[in-house]
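Everything on this sheet refers to the single structure shown next.
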Amino acid sequence: MNNLRARIKEKRKQLSDESLNLLGNDILKNVQASISFEDRERISTYFSMNNEVDTSELNNYLWGINKHLFLPKIKQDKLLF
């Protein structure tokens, strides 16, 4: 598993800021177009960092339409929401 994570991290480093922003916008468009999304009150997402796909527009959109966001946090090597 660590090998897979390392390979993914290395590939992410190769993406430009522009690519990360475009991917984030694509995710936002897909969410907005999703019919099954409309009746959901709670959504899990993340704050992007360290060359991750930019989720700021998505998160702002979700907050703007009064969705409850669940963001992960790492505490003592455990992922919590």
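The sequence shown lines up with residues 253 to 333 when you count with our numbering. Glycine included, every Cβ here is placed at the ideal spot set by N, Cα and C.
8 Å contact criterion, which residue i and residue j should meet: CB distance rounded
i	j	result
L280	E309	5 Å
Residue i to residue j span [Cα, whole Å]
i	j	result
F322	I295	6 Å
A285	I317	14 Å
N255	K261	10 Å
Nearest candidate by alpha-carbon position, reference residue i, set the options
i	options	result
E290	R259, I260 and L314	L314
S268	E304, I326, L256 and I260	E304
Residue i classed as buried or exposed, judged by whether at least 16 other C-beta atoms fall within 10 angstroms
i	result
N311	buried
D306	buried
Sheet register partners of residue i (DSSP bridge)
i	result
L321	I295
K330	K327
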